[in-house]
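Engineer: Under our numbering, the first residue of the sequence shown carries the number 293, and numbering increases by one thereafter. Cβ coordinates follow ideal geometry from the N, Cα and C atoms, glycine included. Following this message is one structure expressed as structure tokens.
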Amino acid sequence: MFVHQWMGPMRIVEPAGYKNLVLEREDQNAKPETIIAHYFFLVSYHYPTSLLEQAAADKIKPRQRVVARRQERLLEHRRQLVTQ
Numbered sequence: 293m294f295v296h297q298w299m300g301p302m303r304i305v306e307p308a309g310y311k312n313l314v315l316e317r318e319d320q321n322a323k324p325e326t327i328i329a330h331y332f333f334l335v336s337y338h339y340p341t342s343l344l345e346q347a348a349a350d351k352i353k354p355r356q357r358v359v360a361r362r363q364e365r366l367l368e369h370r371r372q373l374v375t376q
């Protein structure tokens, strides 16, 4: 499992290509910082702090299932190639 450091709150500035967004926040020195992030990693800061970890875990679980299914299909395809 991978973990990303909390970097918020941020404001969405504009789209930045396929499912990516330009985000902006001010650091402690009030200097604006701009980053690009995939929408998958965004979590609403309106969640209570106690639920943020669960919200992130809920986003990761479906993705792990997709990766597992893709690996199973690749293995099956390889088996079929070997038996031909």
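1) With distance defined between alpha-carbon atoms, name the residue in H369, F332, E325 and L373 nearest to V305.
2) In whole angstroms, what separates the C-alpha of Y331 from that of R317?
3) Among I328, M302 and A322, which one has its Cα closest to the Cα of Y310?
4) Tell me, to the nearest whole angstrom, how far the beta carbon of V314 is from that of A322; I am working on the premise that it is less than 8 Å.
5) Compute the Euclidean distance between the alpha carbons of A235 and Q320, then round it to the nearest angstrom.
Structural biologist: From the atom records:
1) Proximity to V305 across H369, F332, E325 and L373 peaks at E325, based on C-alpha coordinates.
2) Each residue's Cα considered, the two are about 16 Å apart.
3) Minimum Cα distance to Y310 is reached at I328.
4) A322 and V314 do not touch by the CB rule: their CB atoms are close to 19 Å apart, not below 8 Å.
5) With the chain covering only 293 through 376, there is no way to say anything about residue 235.
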